[in-house]
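**Student:** Quick one: this structure, given as structure tokens, is what I'll be asking you about.
Protein chains: 2
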Amino acid sequence: MLIQLALDRMTIDEAIRIAQQVGEYVDWIEVGTSLIKEFGMESVRRLRAAFPDHTIVADLKTFDNARYEFELAFASGADIATVMGAAPAVTLDACMEVADRQGKRVMVDLLNTPAPRLEELFQYREAILCVHVSKDQQEMGAGKETAPRWDRMGEGREDGPDLAFAGGITAADLRKLAAWNPSVLVVGSAITKAVDPAAAARLFRQTADEWKGDIHHE
Amino acid sequence: MLIQLALDRMTIDEAIRIAQQVGEYVDWIEVGTSLIKEFGMESVRRLRAAFPDHTIVADLKTFDNARYEFELAFASGADIATVMGAAPAVTLDACMEVADRQGKRVMVDLLNTPAPRLEELFQYREAILCVHVSKDQQEMGAGKETAPRWDRMGEGREDGPDLAFAGGITAADLRKLAAWNPSVLVVGSAITKAVDPAAAARLFRQTADEWKGDIHHE
Numbered sequence: 538m539l540i541q542l543a544l545d546r547m548t549i550d551e552a553i554r555i556a557q558q559v560g561e562y563v564d565w566i567e568v569g570t571s572l573i574k575e576f577g578m579e580s581v582r583r584l585r586a587a588f589p590d591h592t593i594v595a596d597l598k599t600f601d602n603a604r605y606e607f608e609l610a611f612a613s614g615a616d617i618a619t620v621m622g623a624a625p626a627v628t629l630d631a632c633m634e635v636a637d638r639q640g641k642r643v644m645v646d647l648l649n650t651p652a653p654r655l656e657e658l659f660q661y662r663e664a665i666l667c668v669h670v671s672k673d674q675q676e677m678g679a680g681k682e683t684a685p686r687w688d689r690m691g692e693g694r695e696d697g698p699d700l701a702f703a704g705g706i707t708a709a710d711l712r713k714l715a716a717w718n719p720s721v722l723v724v725g726s727a728i729t730k731a732v733d734p735a736a737a738a739r740l741f742r743q744t745a746d747e748w749k750g751d752i753h754h755e
Numbered sequence: 538m539l540i541q542l543a544l545d546r547m548t549i550d551e552a553i554r555i556a557q558q559v560g561e562y563v564d565w566i567e568v569g570t571s572l573i574k575e576f577g578m579e580s581v582r583r584l585r586a587a588f589p590d591h592t593i594v595a596d597l598k599t600f601d602n603a604r605y606e607f608e609l610a611f612a613s614g615a616d617i618a619t620v621m622g623a624a625p626a627v628t629l630d631a632c633m634e635v636a637d638r639q640g641k642r643v644m645v646d647l648l649n650t651p652a653p654r655l656e657e658l659f660q661y662r663e664a665i666l667c668v669h670v671s672k673d674q675q676e677m678g679a680g681k682e683t684a685p686r687w688d689r690m691g692e693g694r695e696d697g698p699d700l701a702f703a704g705g706i707t708a709a710d711l712r713k714l715a716a717w718n719p720s721v722l723v724v725g726s727a728i729t730k731a732v733d734p735a736a737a738a739r740l741f742r743q744t745a746d747e748w749k750g751d752i753h754h755e
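Protein chains in written order, with this note's numbering: chain Y, 538 to 755; chain L, 538 to 755.
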């Protein structure tokens, strides 16, 4: 079970500082959408340079212009980039193609993906499908029940894509999420806004290491 | 009928140079998603500074974190920012609230918005609904038939939101689009990639001026 540290709503310097504090406890470092839209690819380049041994995830949330955006993110040093599951099929196909050609990976953000489309996304076996309760949903008090019904979708998916979970995940959620055997747990403010980020990250790491979940394609 | 110049897949300097060539023929200048993701809000700030008298559209394509992204774009000088129609309802509500509070506007990008959701979007009367055939769909040879069925949705919408059309629009499309009485026509490469961008923009301007379409909320 890998831990992806999501860095959002901060400067690039703050992102690097927090990631330095907790880097030993996390596997993947995500350059959040808010950093990308505020600072551009400079955010990806600087996190890449500061953390040469971590996997860097560029949370592009691509919805169109897939080749351009994915090539840009990979050229800036990202190992993985994200696309919305709600985007047109041609867009997801283009992301998969660029990633495959470059030996990189695609994370598909399932936020608000229509149910019929969810089923189709299981065809992308090399992708990571990310179940995501959004910031806006969290702020409106929506709970994790707004996420897709993974209790049903998990059935018979032994050969399917890796799963990730994201969105306001706290240490208390870990036990419930374990039932779905996720490969990646995306944690943001539970670490970045903690009084002691390193202690918070260490707790996630310890709990995660007690699971047997592992990622297929690494 | 307003013309929105979409600037994508270029540097900020190139965007400013092209906009200077055609500025007298267009009403709104769109800082494209690719500029925002490559250069961050610096792209919006520089276009704002270079074109103080034009309306600046930040093509954020927000899907989450609406307040943060919209406040960022407006603080950077945008007059209008975009959100995906496929995003959660709470996200669209937050965009509308931020824009309303600041006297700005929201453009809702209808790319791949599920049909039941499309109908609901007509409640956002102060928004601009943008019918969008994506770059990826164009490159895969998908035609404008992939856009929502505006021939049906246009019925009885006299009091509805303003409409915009975007996606590979050429001068030859203008006559067909006129039937939907759009308020805004988004034009990108038909101007920016033209041998003579000013001549191309002038042709769009002349054709648009022959229509009687106008925008409600200006």
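Backbone N, C-alpha and C fix where the C-beta goes; we use that ideal spot for every residue, glycine too.
Which residues mark the beginning and the end of the alpha helix (DSSP H) in which T729 (chain L) is found?
**Tutor:** For this step, residue 729 (chain L) is matched to residue 192 along the second sequence. Taken as a continuous stretch (DSSP letters only), the alpha helix (DSSP H) holding T729 (chain L) covers 726–729.
**Student:** Are there any heavy atoms of the ligand COA lying less than 7 Å away from the beta-carbon of K730 (chain Y), as far as the coordinates show?
**Tutor:** Looking for the ligand COA in the displayed structure turns up nothing, as the structure carries no ligands at all.
**Student:** Tell me whether the beta-carbon of S720 (chain L) lies closer than 8 Å to the beta-carbon of L700 (chain L).
**Tutor:** One-based indexing of the second sequence puts residue 720 (chain L) at position 183. One-based indexing of the second sequence puts residue 700 (chain L) at position 163. Closer than 8 Å, so yes.
**Student:** Measure how close the beta-carbons of L544 (chain Y) and T707 (chain Y) come, nearest whole angstrom, since I'm counting them as under 8 Å.
**Tutor:** Here residue 544 (chain Y) refers to the residue found at position 7 of the first sequence. Here residue 707 (chain Y) refers to the residue found at position 170 of the first sequence. Contact doesn't hold; Cβ gap of about 17 Å is too wide.
**Student:** Leaving out five residues on either side along the sequence, give the residues of the same chain with a beta carbon under 8 Å from the beta carbon of I573 (chain Y).
**Tutor:** Taking the first residue of the first sequence as 1, we reach residue 573 (chain Y) at position 36. Correct list, in chain order: S580, V581, A595, D596, L597.
**Student:** Anything in chain L within Cβ reach of F607 (chain Y), meaning under 9 Å, just list it in chain order.
**Tutor:** In the first sequence, the residue the question calls residue 607 (chain Y) occupies position 70. Simply none; closest approach about 11 Å.
**Student:** Give the interface partners of A623 (chain L) over in chain C, defined as CB-CB distance under 9 Å, in chain order.
**Tutor:** Within the model displayed, chain C is absent; protein chains Y and L are what it includes.
**Student:** Nearest-angstrom Cα distance between V724 (chain Y) and E551 (chain L)?
**Tutor:** For this step, residue 724 (chain Y) is matched to residue 187 along the first sequence. For this step, residue 551 (chain L) is matched to residue 14 along the second sequence. One C-alpha to the other measures close to 38 Å.
**Student:** By the three-class DSSP mapping on this structure, what secondary structure does V732 (chain L) have?
**Tutor:** Locating residue 732 (chain L) in the second sequence gives position 195, where the first residue counts as 1. The answer is coil: DSSP assigns V732 (chain L) none of H, G, I, E or B.
**Student:** Leaving out five residues before and five after T592 (chain Y) in sequence, what residues of the same chain have Cβ atoms less than 6 Å from its Cβ?
**Tutor:** Mapped onto the first sequence, residue 592 (chain Y) falls at position 55. Cβ neighbours of T592 (chain Y) beyond the five flanking positions: W565, D616.
**Student:** Are the CB atoms of I555 (chain L) and L584 (chain L) nearer to each other than 8 Å?
**Tutor:** Along the second sequence, read from residue 1 onward, the residue named residue 555 (chain L) stands at position 18. Along the second sequence, read from residue 1 onward, the residue named residue 584 (chain L) stands at position 47. It is not a contact, given that the beta carbons lie outside the stated cut-off.
**Student:** With burial defined as no fewer than 16 other Cβ atoms inside 10 Å of the residue's Cβ, what is the status of V670 (chain Y): buried or exposed?
**Tutor:** On the first sequence, position 133 is the one that residue 670 (chain Y) refers to. Buried, because 16 or more other Cβ atoms sit within 10 Å of the Cβ of V670 (chain Y).
**Student:** So, with DSSP's three-state summary, where would you put R712 (chain L)?
**Tutor:** As a working mapping, residue 712 (chain L) is identified with position 175 in the second sequence. R712 (chain L): helix per DSSP, three-state reduction.
**Student:** Do G614 (chain L) and D646 (chain L) have their beta-carbon atoms positioned less than 8 Å apart in this structure?
**Tutor:** The sequence position of residue 646 (chain L) within the second sequence is 109, counting from 1. The sequence position of residue 614 (chain L) within the second sequence is 77, counting from 1. Not closer than 8 Å, so no.
**Student:** Between I540 (chain Y) and R742 (chain Y), is the Cβ-Cβ spacing less than 8 Å?
**Tutor:** Your numbering for residue 540 (chain Y) matches position 3 in the first sequence. Your numbering for residue 742 (chain Y) matches position 205 in the first sequence. Yes; because the gap between Cβ atoms is below 8 Å, this pair is in contact.
**Student:** List, in order along the chain, the chain Y residues whose C-beta lies closer than 7 Å to that of F576 (chain L)?
**Tutor:** Counting from 1 along the second sequence, the entry for residue 576 (chain L) is found at position 39. Those are G577, listed as they occur along chain Y.
**Student:** Using only the alpha-carbon positions, how far apart do V559 (chain L) and A631 (chain L) sit?
**Tutor:** Taking the second sequence and counting its residues from 1, the one referred to as residue 559 (chain L) is at position 22. Taking the second sequence and counting its residues from 1, the one referred to as residue 631 (chain L) is at position 94. Answer to the nearest angstrom: the Cα atoms are 34 Å apart.
**Student:** Taking just the CA atoms, how far does F576 (chain Y) sit from T619 (chain Y)?
**Tutor:** Numbered from 1 along the first sequence, position 82 holds the residue referred to as residue 619 (chain Y). Numbered from 1 along the first sequence, position 39 holds the residue referred to as residue 576 (chain Y). Distance between the alpha carbons of T619 (chain Y) and F576 (chain Y) is about 17 Å.
**Student:** Less than 8 Å between the CB atoms is what I'm expecting for L655 (chain Y) and P698 (chain Y), so what's the real figure, rounded?
**Tutor:** What you label residue 655 (chain Y) is simply residue 118 of the first sequence in a count that begins at 1. What you label residue 698 (chain Y) is simply residue 161 of the first sequence in a count that begins at 1. Contact flag wrong, Cβ pair sits at about 12 Å.
**Student:** Would you please verify whether the beta carbon of M547 (chain L) is less than 8 Å from any beta carbon of chain Y?
**Tutor:** Your numbering for residue 547 (chain L) matches position 10 in the second sequence. Closer than 8 Å: no.
**Student:** Give the interface partners of S571 (chain Y) over in chain L, defined as CB-CB distance under 9 Å, in chain order.
**Tutor:** Against the first sequence, residue 571 (chain Y) aligns to sequence position 34. Those are N602, Y605, E606, L609, listed as they occur along chain L.
**Student:** What residues are listed by DSSP as bridge partners for E541 (chain Y)?
**Tutor:** In the first sequence, counting from the first residue as 1, residue 541 (chain Y) sits at position 4. Inspection of the sequence shows that residue 541 (chain Y) is occupied by Gln rather than by Glu. Paired residue(s): Y:W565, Y:V723.
**Student:** Compare the beta carbon distance of F588 (chain L) and A624 (chain L) with 8 Å and say whether it is the shorter of the two.
**Tutor:** Within the second sequence, residue 588 (chain L) is the residue found at index 51, counting from 1. Within the second sequence, residue 624 (chain L) is the residue found at index 87, counting from 1. Result no, Cβ atoms of F588 (chain L) and A624 (chain L) do not sit closer than 8 Å.
**Student:** Please check if any C-beta of chain Y sits within less than 8 Å of the C-beta of S726 (chain L).
**Tutor:** Taking the first residue of the second sequence as 1, we reach residue 726 (chain L) at position 189. Closer than 8 Å: no.
**Student:** Roughly how many whole angstroms lie between the Cα atoms of A731 (chain L) and M547 (chain L)?
**Tutor:** Residue 731 (chain L) sits at position 194 when you count from the first residue of the second sequence. Residue 547 (chain L) sits at position 10 when you count from the first residue of the second sequence. The alpha-carbon atoms of A731 (chain L) and M547 (chain L) are separated by roughly 14 Å.
**Student:** In whole angstroms, what separates the C-alpha of M644 (chain L) from that of A715 (chain L)?
**Tutor:** Locating residue 644 (chain L) in the second sequence gives position 107, counting from the first residue. Locating residue 715 (chain L) in the second sequence gives position 178, counting from the first residue. Cα-Cα distance, rounded: 20 Å.
**Student:** Could you pull the DSSP bridge partners for I617 (chain Y) from this structure?
**Tutor:** Along the first sequence, one-based indexing puts residue 617 (chain Y) at 80. Answer by DSSP bridge pairing, in chain order: Y:V594, Y:R642.
**Student:** Just the Cα atoms here: how many angstroms apart are A664 (chain Y) and F611 (chain Y)?
**Tutor:** Numbered from its first residue, the first sequence carries residue 664 (chain Y) at position 127. Numbered from its first residue, the first sequence carries residue 611 (chain Y) at position 74. Rounded to the nearest angstrom, the two C-alpha atoms are 16 Å apart.
**Student:** Quick one: which chain Y residues come within Cβ less than 8 Å of M644 (chain L)?
**Tutor:** As a position in the second sequence, residue 644 (chain L) is number 107, starting the count at 1. Result: empty, since nearest Cβ-Cβ is about 14 Å, beyond 8 Å.
**Student:** In this structure, how does DSSP classify F607 (chain L) when only helix, strand and coil are distinguished?
**Tutor:** Indexing the second sequence from 1 puts residue 607 (chain L) at position 70. F607 (chain L) falls in the helix class under three-state DSSP.
**Student:** Helix, strand or coil: how does DSSP classify I752 (chain Y) here?
**Tutor:** Taking the first residue of the first sequence as 1, we reach residue 752 (chain Y) at position 215. The predicted model places I752 (chain Y) with a pLDDT of 46, which falls under 50 and marks its position as unreliable, so this point remains unresolved.
**Student:** In three-state terms, what does DSSP make of L584 (chain Y)?
**Tutor:** Sequence index remark: in the first sequence, residue 584 (chain Y) carries index 47 (1-based). Here L584 (chain Y) sits in helix by DSSP.
**Student:** Compare the C-beta of Q541 (chain Y) against all C-beta atoms of chain L and say whether one is closer than 8 Å.
**Tutor:** Here the question's residue 541 (chain Y) lines up with position 4 in the first sequence. Output row for Q541 (chain Y): interface = no.
**Student:** Please report whether the beta-carbon of T628 (chain L) lies at a distance below 8 Å from any beta-carbon of chain Y.
**Tutor:** Here residue 628 (chain L) corresponds to residue number 91 of the second sequence, with the count starting at 1. Between T628 (chain L) and chain Y, the shortest Cβ-Cβ separation is below 8 Å.
**Student:** In angstroms, rounded to a whole number, what distance separates the CA positions of T650 (chain L) and A736 (chain Y)?
**Tutor:** Reading the second sequence from its first residue, position 113 is the one you call residue 650 (chain L). Reading the first sequence from its first residue, position 199 is the one you call residue 736 (chain Y). Rounded to whole angstroms, T650 (chain L) to A736 (chain Y) spans 42 Å at the Cα level.
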